[in-house]
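J.: Here it is: the structure, laid out below.
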Amino acid sequence: MAIAWPWLDRLAARAPVAIFVAVGRDAIERVEDLSLDARIAWVASPRHADVLLVAGRVRSEDAPALRAVHDQIPAPRKTLWWGSTPFQELVLPMVLPLADEASLPILSLHTRVSNSEPDWLPDVPPNPWQGLGPNGQGGKDMMGGVPYGRPMAMTDDDSRDGLQLDQTTVQIGPFLQTWPAGLVLELALQGDVVQHARVVHSPCGPTKGLREGVSSRLRSAARLLRLLELGSLAERCLRVAAAHDRCQPVELAALRAAVRRSGAFAALPAGLGACRLDGAPSDIRSRLLAWLGNDADPSKDATTEPKPKLSGLLLGLEWNEAWLVINSFTPQQLHGMAVPEKAPVKGDDNTTNSARSAMEHAH
Amino acid sequence: MNSLVALLLVTVIGLAAGLLLQFAFCLRGDMVVSNPQATPFLGGGSMPTHAWQRFHARYYPMALLFIAFEMEMMFMYPWAVVFVQEGIKALAEMGMFLAILSVGIVYAWREGVFRWQ
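Here is the structure:
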């Protein structure tokens, strides 16, 4: 039984609209510009969102993930398709071209959010119960049973000391805040240390028609600063980038000094994500410094040197470091580094050894 | 008696407030958590394996070493008080005690607890 509490709905409508953004192809810059609007709060989890904003074209392989994310938004909720094609079965979806401003449609959706959307997936457990006993036990030995339709975590060598311990495997992405649009990674974690990493789907790549210049590099810096929870500095980077897009003169020295004063460089461990990039050694600090610099050189990307593999750079890192490393590359660089890899064959004993040697190579 | 009544009153008010909140949220039908909402958020991704797993307590050898040295000290303080009266007998007892404890320390040494990483 649902009862109407109009005063509560009115009060909720006065708060900034909490949107969760599923970023598709060629839309990240538009979404970042939208995030500068104070009436809209870009939240990191669908649990805290009222409105789902699907920005840019979503690839067919990402559609199941989009459905899952939509259903994780608690009711009442609404969806706005901004430059993307809605699913066929939806009745009267709200669609907007990417060239149009999305702020006002989002605000108007928010006032009507009490009329919630239904689920896009059936309300059933994602994995049906397959165990024999009441707790999923019933197989042989200690590792028997398939509780909630998922096999138990199996042991593997820890890359730190070779101890045989259980590994959790997760598939993460493609719709996360401060995450390259479209990137799906499969990670085997022990505690929060990455033991194996595999690119399942490559990121959508850089926005079509956008050249790598001051604006795109400042936007990359903004993503890294947002990840360091320096939200106001990230906004400042985005505002400077937007000013540069409008052909206004921008002064980067003050911005660089502000980032230095914030302690961002001290927060980034020295040597993290070290690799040879565009013919020169670089790490996360040097990349952030270069993004905030003036030396625009679009021809740099044209070097024939093979790019390092993203999955190799993540091995042995803690999860927070791995996330920083992922965000320390521009979309152009990441597109060549994150190429989909095949799933390892089960029972291949060389997997761990090859992972360890790749990690030693990366460090 | 007065304090007993106050305690009872606080309990009743607390329970009533809790139950009222529970009941109020039950009235809103859209507060029900669906199955997709109950799954962990991984940006649309999923977990191929179950989350039940064993963790390694990496501080375990360090804790073992701490207990080994701490037990020495626990026994040594009272032992020092009576040592002059008891004489050679107390010395022999302490020697036996330390010999047993040093087995634990040797084991921890073999496990690499003294190797700082």
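Chains as they are written, first to last, in the numbering used here: chain A, 423 to 785; chain B, 2 to 118.
All C-beta atoms, glycine included, are put in the ideal place defined by N, C-alpha and C.
Return yes when the Cβ of residue 484 of chain A is within less than 8 Å of the Cβ of residue 440 of chain A, no when it is not.
T.: Sequence index remark: in the first sequence, residue 440 of chain A carries index 18 (1-based). Sequence index remark: in the first sequence, residue 484 of chain A carries index 62 (1-based). No, the Cβ-Cβ distance between residue 440 of chain A and residue 484 of chain A is not below 8 Å.
J.: Can residue 573 of chain A and residue 40 of chain B be called in contact, C-beta distance under 8 Å?
T.: Locating residue 573 of chain A in the first sequence gives position 151, where the first residue counts as 1. Locating residue 40 of chain B in the second sequence gives position 39, where the first residue counts as 1. Contact flag unset, no.
J.: Just to confirm the assignment, what range does the beta strand (DSSP E) spanning residue 666 of chain A have?
T.: The sequence position of residue 666 of chain A within the first sequence is 244, counting from 1. Looking at the DSSP string, residue 666 of chain A is not in any beta strand (DSSP E); the run it does join, the alpha helix (DSSP H), is 653 to 667.
J.: Suppose you measure from the CA of residue 490 of chain A to the CA of residue 470 of chain A; what does that come to, to the nearest Å?
T.: Start at 1 with the first residue of the first sequence, and residue 490 of chain A comes out as number 68. Start at 1 with the first residue of the first sequence, and residue 470 of chain A comes out as number 48. One C-alpha to the other measures close to 15 Å.
J.: Establish whether the CB of residue 781 of chain A and some CB of chain B are separated by less than 8 Å.
T.: Mapped onto the first sequence, residue 781 of chain A falls at position 359. Confidence in residue 781 of chain A is poor, its pLDDT being 41 and thus under 50, which makes the residue's placement too unreliable to answer from.
J.: Between residue 497 of chain A and residue 539 of chain A, what straight-line distance do the alpha-carbon atoms span, to the nearest angstrom?
T.: One-based indexing of the first sequence puts residue 497 of chain A at position 75. One-based indexing of the first sequence puts residue 539 of chain A at position 117. Each residue's alpha carbon lies about 8 Å from the other.
J.: With a cut-off of 8 Å, does the C-beta of residue 400 of chain A fall near any C-beta of chain B?
T.: In the structure as shown, chain A begins at 423 and stops at 785. Residue 400 of chain A is therefore absent and cannot be evaluated.
J.: Name, please, each residue of chain B whose Cβ falls closer than 9 Å to the Cβ of residue 575 of chain A.
T.: Residue mapping note: residue 575 of chain A aligns to position 153 of the first sequence, counting from 1. Using a Cβ-Cβ cut-off of 9 Å, residue 575 of chain A is close to 50, 51, 52, 53, 54 and 55 of chain B, given in chain order.
J.: Within the continuous alpha helix (DSSP H) that includes residue 757 of chain A, where are the two ends?
T.: For the purposes of this step, residue 757 of chain A is taken as residue 335 along the first sequence, with counting starting at 1. Counting along the chain, the unbroken alpha helix (DSSP H) around residue 757 of chain A starts and ends at 753 to 759.
J.: What does DSSP give as the partner residue(s) for residue 441 of chain A in the beta ladder?
T.: As a position in the first sequence, residue 441 of chain A is number 19, starting the count at 1. Bridge partners of residue 441 of chain A: A:464 and A:473.
J.: Between A:748, A:753 and A:757, which lies nearest to residue 735 of chain A when the distance is taken from Cα to Cα?
T.: Position 313 of the first sequence, counting from 1, holds the residue named residue 735 of chain A. Closest by alpha carbon: A:748.
J.: Look up residue 479 of chain A in the DSSP assignment and say whether it is helix, strand or coil.
T.: On the first sequence, position 57 is the one that residue 479 of chain A refers to. Strand at residue 479 of chain A.
J.: Does DSSP classify residue 35 of chain B as helix, strand or coil?
T.: Working through the second sequence from its first residue, we reach residue 35 of chain B at position 34. Coil, per DSSP.
J.: Of the residues A:606, A:638 and A:619, which one's Cα is nearest the Cα of residue 626 of chain A?
T.: Here residue 626 of chain A refers to the residue found at position 204 when the first sequence is read from its first residue. The candidate whose alpha carbon is nearest that of residue 626 of chain A is A:606.
J.: With 8 Å set as the bound, which would you pick, yes or no: does the beta-carbon of residue 595 of chain A sit closer than that to a beta-carbon of chain B?
T.: Here residue 595 of chain A is taken as the residue at index 173 of the first sequence, counted from 1. So yes, residue 595 of chain A belongs to the interface.
J.: So, for residue 586 of chain A: in the same chain, excluding its five sequence neighbours on each side, which residues have a beta-carbon less than 8 Å away from its beta-carbon?
T.: For the purposes of this step, residue 586 of chain A is identified with residue 164 of the first sequence, where counting begins at 1. 577, 578, 579 and 580.
J.: Let me check understanding here. Comparing Cα to Cα, which of A:456, A:437, A:464 and A:479 lies closest to residue 447 of chain A?
T.: Working through the first sequence from its first residue, we reach residue 447 of chain A at position 25. Out of A:456, A:437, A:464 and A:479, A:479 has the C-alpha closest to the C-alpha of residue 447 of chain A.
J.: Locate the beta strand (DSSP E) running through residue 703 of chain A, then write down its first and last residues.
T.: Here residue 703 of chain A corresponds to residue number 281 of the first sequence, with the count starting at 1. Per DSSP, residue 703 of chain A belongs to the beta strand (DSSP E) from 702 to 704.
J.: By the criterion of Cβ-Cβ separation under 8 Å, what are the contact partners of residue 37 of chain B in chain A?
T.: Here residue 37 of chain B refers to the residue found at position 36 when the second sequence is read from its first residue. By Cβ distance, chain A contributes 490, 493, 494, 541, 543, 545 and 548.
J.: Compute the Euclidean distance between the alpha carbons of residue 613 of chain A and residue 56 of chain B, then round it to the nearest angstrom.
T.: One-based indexing of the first sequence puts residue 613 of chain A at position 191. One-based indexing of the second sequence puts residue 56 of chain B at position 55. When rounded, the distance between both Cα atoms is 7 Å.
J.: Give the range of the beta strand (DSSP E) segment to which residue 451 of chain A is assigned.
T.: The residue labelled residue 451 of chain A in the question sits at position 29 within the first sequence. Secondary structure note for residue 451 of chain A: it is in no beta strand (DSSP E), and the uninterrupted alpha helix (DSSP H) holding it is 450 to 456.
J.: Please name the residue, chosen from B:77, B:38, B:79 and B:72, that lies closest to residue 541 of chain A on a Cα-to-Cα basis.
T.: For the purposes of this step, residue 541 of chain A is identified with residue 119 of the first sequence, where counting begins at 1. If we check each option's Cα against that of residue 541 of chain A, B:38 comes out closest.
J.: Does the CB of residue 17 of chain B have a neighbour CB from chain A at under 8 Å?
T.: Mapped onto the second sequence, residue 17 of chain B falls at position 16. Cβ-Cβ to chain A under 8 Å: no for residue 17 of chain B.
J.: At the 8 Å Cβ level, is residue 434 of chain A part of the contact set with chain B, yes or no?
T.: Looking up residue 434 of chain A in the first sequence gives position 12. Not one chain B Cβ lies under 8 Å of residue 434 of chain A.
J.: Could you list the residues in the region 455 to 474 of chain A with a C-beta less than 8 Å from some C-beta on chain B, going in chain order?
T.: Within the region 455 to 474 of chain A, those residues whose Cβ lies closer than 8 Å to any Cβ of chain B are, in chain order, 467, 468 and 469.
J.: What does the Cβ neighbour count give for residue 659 of chain A, buried or exposed, with the cut at 16 atoms within 10 Å?
T.: On the first sequence, position 237 is the one that residue 659 of chain A refers to. Its Cβ being crowded by 16 or more others within 10 Å, residue 659 of chain A is buried.
J.: State the start and end residues of the unbroken beta strand (DSSP E) segment that holds residue 502 of chain A.
T.: Looking up residue 502 of chain A in the first sequence gives position 80. 500 to 504 is the span of the beta strand (DSSP E), which, as asked, contains residue 502 of chain A.
J.: For residue 418 of chain A, which residues of its own chain have a beta-carbon under 7 Å away from its beta-carbon, when the five flanking residues on both sides are left out?
T.: As displayed, chain A neither begins before 423 nor continues past 785, which places residue 418 of chain A out of reach and without an answer.
J.: If you count every other CB in all the chains shown that lies within 10 Å of the CB of residue 12 of chain B, and 16 or more means buried, which is it?
T.: Along the second sequence, read from residue 1 onward, the residue named residue 12 of chain B stands at position 11. Residue 12 of chain B should be labelled exposed.
J.: What residue range does the beta strand (DSSP E) around residue 636 of chain A cover?
T.: Residue mapping note: residue 636 of chain A aligns to position 214 of the first sequence, counting from 1. From DSSP, residue 636 of chain A is part of no beta strand (DSSP E) but of the alpha helix (DSSP H) over 636 to 649.
J.: Thinking C-alpha only, which one of A:600, A:730, A:515 and A:529 is nearest residue 758 of chain A?
T.: One-based indexing of the first sequence puts residue 758 of chain A at position 336. Closest by alpha carbon: A:730.
J.: Where residue 109 of chain B and residue 65 of chain B are concerned, what is the direct C-alpha to C-alpha distance, given to the nearest angstrom?
T.: To locate residue 109 of chain B, count along the second sequence from 1; it is residue 108. To locate residue 65 of chain B, count along the second sequence from 1; it is residue 64. Residue 109 of chain B and residue 65 of chain B: Cα-Cα distance of roughly 7 Å.
J.: How close, in whole Å, do the beta carbons of residue 71 of chain B and residue 99 of chain B come, if the pair is a contact with beta carbons under 8 Å?
T.: Taking the second sequence and counting its residues from 1, the one referred to as residue 71 of chain B is at position 70. Taking the second sequence and counting its residues from 1, the one referred to as residue 99 of chain B is at position 98. Contact doesn't hold; Cβ gap of about 14 Å is too wide.
J.: I'd like to confirm the pairing. Which residues does DSSP put opposite residue 590 of chain A in its beta bridges?
T.: Mapped onto the first sequence, residue 590 of chain A falls at position 168. Note: residue 590 of chain A sits in a beta bridge opposite A:611.
J.: Which whole-angstrom value describes the C-beta separation of residue 524 of chain A and residue 456 of chain A, a residue pair presumed to lie in contact below a C-beta threshold of 8 Å?
T.: Along the first sequence, one-based indexing puts residue 524 of chain A at 102. Along the first sequence, one-based indexing puts residue 456 of chain A at 34. Indeed, because the Cβ distance is near 6 Å, the residues count as touching under 8 Å.
J.: Thinking C-alpha only, which one of A:595, A:727 and A:463 is nearest residue 609 of chain A?
T.: For the purposes of this step, residue 609 of chain A is taken as the residue at position 187 of the first sequence. With distances taken between Cα atoms, residue 609 of chain A lies closest to A:595.
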